[in-house]
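Below is one structure, written out as structure tokens; comments come after it.
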Amino acid sequence: MTTPSLTEEIAQRFARIALGHVRREYPNKPDHTLAGPQDARTPSELHPVFYGSYDWHSCVHSYWMLARLLRRHPKMEAAADIVALFDEQLVPEKIAVECTYLAQPTARGFKRPYGWGWLLKLASELRGLDDGRWGRALAPLAEAFAQRFRDFLPIATYPVRVGTHFNTAFGLRMAADYADATGDGAFLTLLRETALRWYGADADCPAWGEPSGDDFQSSALIEAECMRRLLPAEQFLPWFERFLPRIAQSEPAILFTPATVTDRTDGKIAHLDGLNLSRAWCWSALAAALPEWDVRRPVIANAARLHLEAGLPHIAGDYMGEHWLATFAVLAIEER
């Protein structure tokens with residue numbers, strides 16, 4: 000299998016999957032704290048924009064995927080439906096309700112850091128699309144989440160190194176795109192300094208415990224991708240050599256072996272399809288960061304290919320994977 004590109008055919012297929020669930024309200028898994036009976040409301044009442052796709056964060060990153068697909072293929076058949084969706088949903092009055100929800104004391108940790116990073120990633124993608132009206136509408140919510148990072152990172156003594164939503168390296172990596180897109184040098188500096196504080200001394204990573212039974216990220220590879228994104232090459236390359244010193248020998252072997260998925264109707268086990276896709280994304284980005292002559296580059300590129308081959312056939316089928324996996328397929332194909 001050659002590494003696919005985001006052809007119009009693939010974009011059309013992925014767009015149809017996302018358009019089929021971003022406004023599908025149920026089933027729904029809300030991340031919602033009730034302070035009183037008045038807070039017992041439906042997902043669309045709580046979140047008039049991001050109420051579909053089974054959960055808030057999957058809805059947000061499905062919007063990101065649709066924005067990316069629209070930017071890449073503005074003339075595809077699904078483009079008109081994406082524009083209509085954005086025109087109806089990404090409007091100031093609906094975003095204001097999302098902001099109001101976020102401002103509640105019970106929402107302080109809402110979707111930290113996974114949803115924070117994805118919302119900022121969406122905001123960076125919307126900048127410049129069409130006349131910029133969708134990005135302008137989303138801007139207050141994006142800035143609220145950026146401020147969440149600014150407030151949280153200085154008091155976060157320790158990183159979170161799991162392979163699920165709580166991984167802090169993923170949040171930093173996605174927020175970096177927003178900092179760049181908005182020209183916020185101070186925010187980018189905070190992200191970089193936090194990454195160095197958390198991960199700068201890491202060396203000889205054994206990838207111990209990977210994968211666990213519900214990982215959809217590699218804690219080792221997303222940390223490496225975070226550092227690649229935030230550090231200049233002259234800092235990143237020596238760090239990467241220390242962090243994973245035996246890549247040329249395909250070690251740690253677990254990072255080069257696609258995960259086995261036994262039941263795609265089980266939402267946690269289905270995460271492992273996402274692990275294969277997110278590993279493909281990270282491996283591809285890391286390969287591209289190495290010089291062409293580097294002996295590790297073909298080893299890493301092959302690992303990316305194997306993981307992409309393992310994940311791509313399972314984008315659709317059961318809703319437990321279908322409501323989110325296409326996003327990670329686009330990351331694997333595009334973000335390298």
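The letter at position 192 of the sequence shown is residue 191 when you use numbering that gives the first Met the number 0, and the numbering goes up by one with no holes. Every residue gets a Cβ at the ideal spot worked out from N, C-alpha and C, and that includes glycine. For clarity, every value in this text was computed on a predicted model and none was experimentally measured.
Taking C-beta atoms as the reference points, His56 and Trp133 fail to come closer than 8 Å. Cβ contact annotation for Ser52 (same chain, cutoff 6 Å, sequence separation greater than five): His20, Val21, Cys58, Ser61 and His322, in chain order. A straight line joining the alpha-carbon of Ala302 with that of Ala252 spans about 10 Å. In the three-state reduction of the DSSP assignment, Cys204 falls in the coil class. The continuous alpha helix (DSSP H) containing Gln146 extends over residues Arg132 to Phe151. For Lys120, the uninterrupted alpha helix (DSSP H) run begins and ends at Tyr113 to Leu125, by DSSP.
When the five nearest sequence neighbours on each side are left out, the beta carbons in the same chain lying within less than 7 Å of the beta carbon of Leu125 are those of Ala66, Trp133, Gly134 and Leu137, in order along the chain. Less than 8 Å separates the beta-carbon of Val329 from that of Leu5. For Arg40 and Gly212, the gap between their C-alpha atoms comes out near 32 Å. The Cβ atoms of Ile299 and Ala309 do not sit closer than 8 Å to each other. DSSP, reduced to helix, strand and coil, places Trp280 within a helical segment of the structure shown. Pairing His31 with Glu250, the inter-Cα distance amounts to about 41 Å. Rounded to the nearest whole angstrom, the C-alpha separation of Phe144 and Ile94 is 13 Å.
Distance from the Cα of Phe327 is smallest, within the candidate group Leu311, Pro244, Ala141 and Tyr318, for Leu311. Counting of Cβ neighbours within 10 angstroms places Ala102 among the exposed residues, the total staying below 16. Within the model, the alpha-carbon separation for Val48 versus Gln248 is close to 47 Å.
Here the alpha carbons of Pro29 and Gln37 stand approximately 16 Å from one another.
Inter-segment contact for the stretch 168-186 and the stretch 199-209 is absent: fewer than three beta-carbon pairs are separated by less than 8 Å.
Spanning the alpha carbons of Pro158 and Tyr198 requires a straight line of approximately 8 Å. The alpha-carbon of Met75 is positioned some 21 Å away from that of Glu334.
With contacts defined by Cβ atoms closer than 8 Å, Gly320 and Arg278 do not form a contacting pair. Cβ contact annotation for Ala17 (same chain, cutoff 7 Å, sequence separation greater than five): Ser61, Met64, Leu65 and Ala325, in chain order. Membership of Ile221 in the alpha helix (DSSP H) is indicated by the continuous run Ser218 to Leu229. Along the length of the stretch 59-106, whole alpha helix (DSSP H) runs at least 4 residues long occupy 78-88 and 91-101, reported in chain order. For Phe165, the three-state secondary structure derived from DSSP is coil. Spanning the alpha carbons of Pro3 and Ala331 requires a straight line of approximately 10 Å. Sequence-distant partners of Ile314 (beyond 5 residues in either direction) whose C-beta falls short of 6 Å from its own C-beta, in its chain, are Leu324, Ala325 and Ala328.
CA-CA distance, Phe239 to Met226, rounds to 8 Å. Burial state of Gln146 is exposed, judged by a 10 Å Cβ sphere holding fewer than 16 other Cβ atoms.
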